[in-house]
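Asker: Below is a structure I'd like to ask you about.
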Amino acid sequence: FANVDPAGAGFGNSTDMCRFNPSCTDPASYLYWDDVHITTAAHEALAGQFAQALAPVPEVQTWAMLLAGLGLIGVAGRLRASRADAHTGALREAT
Numbered sequence: 256f257a258n259v260d261p262a263g264a265g266f267g268n269s270t271d272m273c274r275f276n277p278s279c280t281d282p283a284s285y286l287y288w289d290d291v292h293i294t295t296a297a298h299e300a301l302a303g304q305f306a307q308a309l310a311p312v313p314e315v316q317t318w319a320m321l322l323a324g325l326g327l328i329g330v331a332g333r334l335r336a337s338r339a340d341a342h343t344g345a346l347r348e349a350t
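Going by my numbering, the letters in the sequence shown line up with residues 256 to 350, in that order.
Okay, here's the thing in structure tokens:
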């Protein structure tokens, strides 16, 4: 991630290791702590990249299912109301 544009990510040095380097007075400006691990600042930058990439995106399918479910509830309510009206009308005629 920072190897593409280290300065843009805030790293002044993206090639040298900080661990055994006596001139490493600011580890936050280095990308690599040793030959395997990245620095704490690099971890924070990487976590920020992941957080942006994993931001929730509203899905159209969710809205469609919600609207379909509400529509079915409305249809069921109308059917129940029409059956209740028909039943009440039949009782009135019988009495």
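All C-beta atoms, glycine included, are put in the ideal place defined by N, C-alpha and C.
The model shown is predicted, which means the values in this text are computed figures rather than measured ones.
DSSP three-state label for S269, please.
Answerer: strand
Asker: My assumption, with CB atoms under 8 Å, is that A302 sits in contact with A283. Please give the rounded CB distance.
Answerer: A302 to A283, Cβ: 14 Å. No contact.
Asker: Can you list, in chain order, the residues of its chain with a C-beta nearer than 7 Å to that of D290? Leave out the 5 residues immediately preceding and following it.
Answerer: M272
Asker: Return the Cβ separation of A264 and A300 in integer angstroms, given the expectation that the two are a contact with Cβ distance under 8 Å.
Answerer: 5 Å
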